[in-house]
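Take a look at the structure below.
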Amino acid sequence: MKNLDDLVLYRFRVRTADGREAVSRVVATRRPLKARLASAPEQEVLEDGDQPGPMLANPRWSSDAFANGDQATLLVDGPGFEGRMVNFAVERRDGEGWAPLQTLTGKVVEGVAQATLQLEHAAPAEGGAEPEDLRFSCELA
994 MKNLDDLVLY RFRVRTADGR EAVSRVVATR RPLKARLASA PEQEVLEDGD
1044 QPGPMLANPR WSSDAFANGD QATLLVDGPG FEGRMVNFAV ERRDGEGWAP
1094 LQTLTGKVVE GVAQATLQLE HAAPAEGGAE PEDLRFSCEL A
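Counting in my numbering, the sequence shown tops out at residue 1134, every number present.
Next up, the structure:
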């Protein structure tokens, strides 16, 4: 460290629910670097493939809630994957964890992959039907 101006000093104060308070020792860290433009050799390295490629994004259901017998559409954006297949792994809540329910496949068309799931809620327990929690993840097939 060449200069004290490169340091930033922090002290943390924590208060508990019952009103007790603790104060940390002083912590010294380096001042964050300011942004700079990459030099020509660095730019060439980035252009040669170090940039992240296209990714699946924005997974979503066609609605926030469904009734028994509805068809739910699972959607995910897939820019750059036109014509590729996507696997949708659907899971349902099973106690404290998640259990596999079904795997669906969809094709990326106009930047979006989608698959349809026929929803059948479990038989209602005594006292009425409980909503079932479902989630999904997706990956390229």
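Ideal Cβ placement from N, Cα and C applies to all residues, glycine included.
Along the chain, where does the beta strand (DSSP E) that runs through residue i open and close?
i: residue 1129; result: 1127 to 1133
i: residue 1104; result: No beta strand (DSSP E) holds residue 1104; DSSP gives it neither H nor E.
i: residue 1004; result: Unbroken run through residue 1004: none, as it is neither H nor E.
i: residue 960; result: For the chain, the structure presents residues 994 to 1134; residue 960 sits outside this window and is missing.
i: residue 1009; result: From DSSP, residue 1009 is part of no beta strand (DSSP E); its letter is neither H nor E.
i: residue 1019; result: Here residue 1019 belongs to no beta strand (DSSP E), and DSSP marks it neither H nor E.
i: residue 1061; result: Here residue 1061 belongs to no beta strand (DSSP E), and DSSP marks it neither H nor E.
Do you know offhand how far residue i's Cα is from residue j's?
i: residue 1004; j: residue 1091; result: 41 Å
i: residue 1019; j: residue 1011; result: 25 Å
i: residue 1105; j: residue 1076; result: 10 Å
i: residue 1001; j: residue 1049; result: 39 Å
i: residue 1096; j: residue 1016; result: 52 Å
Note down, in chain order, each residue of its chain lying with its Cβ closer than 7 Å to the Cβ of residue i, except the 5 sequence neighbours on either side.
i: residue 1107; result: 1066, 1067, 1068, 1099
i: residue 1047; result: 1072, 1073, 1074
What I want to know is whether the C-beta of residue i ends up closer than 7 Å to one or more non-hydrogen atoms of the ligand ZN.
i: residue 1125; result: Among the ligands in the structure shown, none appear at all, so the ligand ZN cannot be discussed.
Run the CB neighbour count on residue i, radius 10 Å, all protein chains shown included, and call it buried at 16 or more, exposed below.
i: residue 1112; result: exposed
i: residue 1124; result: exposed
i: residue 956; result: There is simply no residue 956 to check, as the chain begins at 994 and stops at 1134 in what is shown.
If you compare alpha carbons, which of the options is closest to residue i?
i: residue 1101; options: 1130, 1007, 1055, 1074; result: 1074
i: residue 1060; options: 1134, 1127, 1007; result: 1127
Spatial neighbours of residue i within its chain, please: C-beta separation below 8 Å, excluding the five flanking residues on both sides.
i: residue 1131; result: 1049, 1052, 1067, 1069, 1079, 1080, 1081, 1082, 1106
Below 6 Å CB to CB, which residues in the same chain sit around residue i once its five sequence neighbours on both sides are set aside?
i: residue 1086; result: 1126
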